[in-house]
Structure formats: structure tokens, C-alpha cells
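Okay, structure first, notes after.
2 protein chains.
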Amino acid sequence: MWPLLKEHIEKHVALTDEEFEKVCSFLTFRRYRRKQFILQEGDISRYESFILKGCCRIYDTDSEGHEHVLQFGVEGWWVGDLYSYLTQTPSSCNIDCIEDCETVQLTLLQQEALYKAVPLMERFFRIIIQNAFIASQRRVLHNLSKSGAERYKDFIEKYPHIEQRVPDRQVASYLGLTPQSLSRIRARKR
Amino acid sequence: MWPLLKEHIEKHVALTDEEFEKVCSFLTFRRYRRKQFILQEGDISRYESFILKGCCRIYDTDSEGHEHVLQFGVEGWWVGDLYSYLTQTPSSCNIDCIEDCETVQLTLLQQEALYKAVPLMERFFRIIIQNAFIASQRRVLHNLSKSGAERYKDFIEKYPHIEQRVPDRQVASYLGLTPQSLSRIRARKR
DNA sequence: CGAAAATTTGACATGACTCAACTGGAGTGG
DNA sequence: CCACTCCAGTTGAGTCATGTCAAATTTTCG
Chain X
288 MWPLLKEHIE KHVALTDEEF EKVCSFLTFR RYRRKQFILQ EGDISRYESF ILKGCCRIYD
348 TDSEGHEHVL QFGVEGWWVG DLYSYLTQTP SSCNIDCIED CETVQLTLLQ QEALYKAVPL
408 MERFFRIIIQ NAFIASQRRV LHNLSKSGAE RYKDFIEKYP HIEQRVPDRQ VASYLGLTPQ
468 SLSRIRARKR
Chain L
288 MWPLLKEHIE KHVALTDEEF EKVCSFLTFR RYRRKQFILQ EGDISRYESF ILKGCCRIYD
348 TDSEGHEHVL QFGVEGWWVG DLYSYLTQTP SSCNIDCIED CETVQLTLLQ QEALYKAVPL
408 MERFFRIIIQ NAFIASQRRV LHNLSKSGAE RYKDFIEKYP HIEQRVPDRQ VASYLGLTPQ
468 SLSRIRARKR
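Protein chains in written order, with the working numbering: chain X, 288 to 477; chain L, 288 to 477.
So, in C-alpha cells, the structure goes:
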């Protein structure tokens, strides 16, 4: 069941087949359509979603109504608003699907039960979050030290697959640029 | 021993006194002088340091020689370069002391032994890193959506204590501004 | 006290933003 | 299949925040 998930977990911890089956028993499969919300501002982020197929974006709308993309999610990534999820308070983020998506999801209660049933999963999630933290720190540094053009160049090198699946305006938002600025940056290169 | 550490751990997991003593037995106390490096670019980040007293900064130097402050560390915070620490590869960061510091430190080997001896500590560090990740994501969003003046205002509200212990130029660097710009922002307010 | 570092200030340059108009492709309905 | 709309992307003009370079001033600390 869900070979992508199995592969993903095995990258970080060694589970027996039996343990992996146990893990699966705590997860719930769910499909979403293109443009559908996985999470909407004001709601509680009730689950962390592992993406089996498809592409989505996590974004926030600021006081001026501008959207800022925090993260894209594709196959093999987890998406959710961790703060809202952990504290069970309303989220300020939206997550919507750029393509039809297939996910497996875990609620906080299920996750806690999972830790009891398969203690190694505590380690697994620690590692996942560690990596996410390291990536986020890198991004902070990038945003502090590089120009828009450099950030764009690094982005397409690092995520060539995502760049082709996502509209430019959302890439611009991820990079902290307006669509116009990104368009000019691209025009300059050619 | 190290009441600040005890208080800090107890915020997140419930340890017996005996367990806490065990935890302490894996840690090494170490002092640093003002201006001394805890970690220097090119070296491996051999330990995660919990600050008992003092103030330090983690920063990175870009290709143009400009410094960018990633994080300040004061009493009750952990500092280190997690990526370098986990992979045992050379770090691109520096950590230096803004004041004389007292720390307790954990090497990767000690940490792994600690997880075996006191399994709850695996949960403890997961929570610490979770919080760090959430804070880092917030900062990304902040940097994308707010002006220099707003970022400064939010900074002094959130870290009034740090702001008074750290030179302005380093606050500017943390915020992604030049010292000159920060100086003008401050002048405007008055 | 005196040197070195930090901060401030001025003049000017520039990258990115805003607003607005235009272009072209995708989807829809007649 | 065409006309129409809608939306993403592009382009132009003007503005603004922030950066750069340089010099003056203040603070820090050895």
C-alpha cells in the first residue's frame, strides 16, 4: 500500500513490514480536485497530509490582501500548518491544489496513537521536521542575501520540476517578487 | 544543577529527578569569552549548545563578504548549525559571543546515547525543533510581506531584551537591512 | 586617554513596486 | 467553429524604499 510512502519512511528509519502496515492503519486516504482547498484560513489544520500525487501550495494572505506562497507541495512532501495543527487553533494559511491530488492524512490524535504503537515514528517525524527546519533557515538566509534574479535562478535549479507545474505568479510570490518583476527578470535573461 | 535547563526541559516533557540527573550526565559545561567563537566557518559544528548565560549570534558571510545574522541566542536557547552537526560536515556559519557565555553542550554521539538512556528526550528535541521550524517559517513570511520599518517594530516588540544587548548593526543584519537604513528608520520614528 | 568601532547623516543610484494598458491563450456558450 | 470572456503574462512610465559610497560624529573599550 502506498509505495511512495514506504520508500519515504524507509529513507529515515528502518521499519519491518509489519510495522509499516501498522503505520498505514493510522492513515486516511483522501483525494482533492484541482483548485480545491485542503486547508482554508480560519479553520484548524486538522491533519498533516502526505502527498502521493499532485501539487499544491501553502500560502498566506497579508493585511493588504497580497498572497505569499510559503511552500509548494508535490509527491513525497508533507503539507499542513504545523502551528495550527499542534495547538488546534485557527490557521492563517490556505492550502489549495494546483493539480488534482491524492494524499494520506494523519490527525493529531492519530499521530499520538501512532507514536505509541510504533515508537520509531517519533524519530521519523523528528527527522522530517529537522530537515524542514534546515531548509527554512536556508531560505531565510537566501532571502536576506540574494537579489530577485539570483533567487529565481536558484529556484529553477533546485525545483525544475515544480517550476513547470506552477504558474509564474505563484513562483514570484514564493520568491517574494511581484509577477511583473519576475517577468522582467526572465525577459532580461533572454 | 543548571536550574534553567531543568525548567526548560520541564516545559516540554515530564522527567523524574533521576532522569534529569541522567540527562545532565551527558552534557558538558563550557564557558566562552565575549568575541570568542563557539563555531567558526569551515569547522564542523560538533555540538549543540544550550545557553545558560550570555548572548551570541549565528551568522553567515556571503560571497560579497557581507554578514547575515541567522539567529541570536540568549539564556534558554539552543545554538548550533544543525545541518553541519547532523551530517558532520564543515559549516558555513559562525557563532560568536556578544557577551561572556556559559553553556552546556551535547555532541551527536552524546545525544544518541542520551536518546537510548532517556527516550523521552527524543520527544523533547522533536518539540524544540518543531518550535524552531515554526518560528523560521514565520520569519520567511515576515521577510516576504513586511517593510523594513515593520520588521524592526516587530523585532523590538518580540525581543526587547535582545535588542538592548546587541549592536544595531547586527539587528539590521538580522532584519535584512543595512545599518544605514536601520538608522534612518529609527530616526524617522523620533 | 586614544584608537577602533559603531552610528548617523548626506547625496545619489537602483531594484523592485504600483498602476495601467496591451497581448495571447484557455475555456465557454451560442 | 466562432465570438466572447477571463486570466496569466508582458511591457511601459513613474515612484519609492532601500542600497551604496563617503564623511562626520559618537561610543566603546583596551
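Even for Gly, the Cβ is constructed at its ideal location relative to N, Cα and C.
Item, Value
"The stretch 423-433 of chain L in contact with the stretch 324-342 of chain L per 3-pair CB rule at 8 Å", "no"
"Chain X contacts made by the stretch 421-445 of chain L, where a contact means CB separation under 7 Å", "ILE421, SER423, GLN424, ARG426, VAL427, LEU428, ASN430, LEU431, SER432"
"Closest residue to LEU464 (chain L) among X:ASN430, X:ALA404, X:GLN358, X:ILE416 (Cα-Cα distance)", "X:ASN430"
"First and last residue of the uninterrupted alpha helix (DSSP H) at LYS476 (chain L)", "466-476"
"Chain L contact for GLY367 (chain X) (CB, 7 Å cutoff)", "no"
"Residue interval of the alpha helix (DSSP H) (run including ARG333 (chain L))", "Per DSSP, ARG333 (chain L) belongs to no alpha helix (DSSP H) and is neither H nor E."
"Classification of ALA404 (chain L) by the beta-carbon crowding that lies within 10 angstroms, buried from 16 upward", "exposed"
"Same chain only: Cβ atoms within 8 Å of PHE411 (chain L), ignoring 5 sequence neighbours per side", "ILE296, HIS299, VAL300"
"ILE468 (chain L) versus THR315 (chain X) - alpha carbon distance", "Correcting the residue type first, residue 468 (chain L) is Ser in the shown sequence and not Ile. Roughly 51 Å between the two C-alpha positions."
"Classification of GLN280 (chain X) by the beta-carbon crowding that lies within 10 angstroms, buried from 16 upward", "The shown model of chain X, from 288 to 477, leaves out residue 280 (chain X), and the question about it has no answer."
"Limits of the unbroken beta strand (DSSP E) element including GLY363 (chain L)", "Here GLY363 (chain L) belongs to no beta strand (DSSP E), and DSSP marks it neither H nor E."
"Inter-stretch contact at 8 Å, needing at least 3 Cβ pairs: the stretch 381-388 of chain L / the stretch 335-348 of chain L", "yes"
"Amino acids of chain X, ordered along the chain, whose beta-carbon sits closer than 9 Å to that of ASP349 (chain L)", "LEU428, LEU431, SER432, LYS433"
"Any beta strand (DSSP E) of 3 or more consecutive residues that is wholly inside the stretch 376-447 of chain L", "380-384, 388-394"
"With 16 other Cβ atoms within 10 Å as the buried cut-off, status of THR303 (chain L)", "exposed"
"Neighbour flag for GLU409 (chain L) against chain X, beta carbons, 7 Å", "yes"
"Contact belief for SER432 (chain X) with HIS355 (chain L) at Cβ below 8 Å, rounded distance in angstroms", "5 Å"
"Whole-angstrom distance between GLN397 (chain L) and LEU407 (chain L), CA atom to CA atom", "15 Å"
"Proximal chain X residues relative to ARG331 (chain L), where beta-carbon distance stays under 8 Å", "Residue 331 (chain L) is actually Ile in this sequence, not Arg. Going along chain X, no residue has its Cβ under 8 Å from ILE331 (chain L), so there is no contact; the nearest lies around 15 Å."
"Contact with chain X by GLN417 (chain L), beta-carbon distance below 7 Å", "yes"
"Listed by chain order, chain X residues near LEU357 (chain L) by CB distance under 8 Å", "GLN424, VAL427, LEU428"
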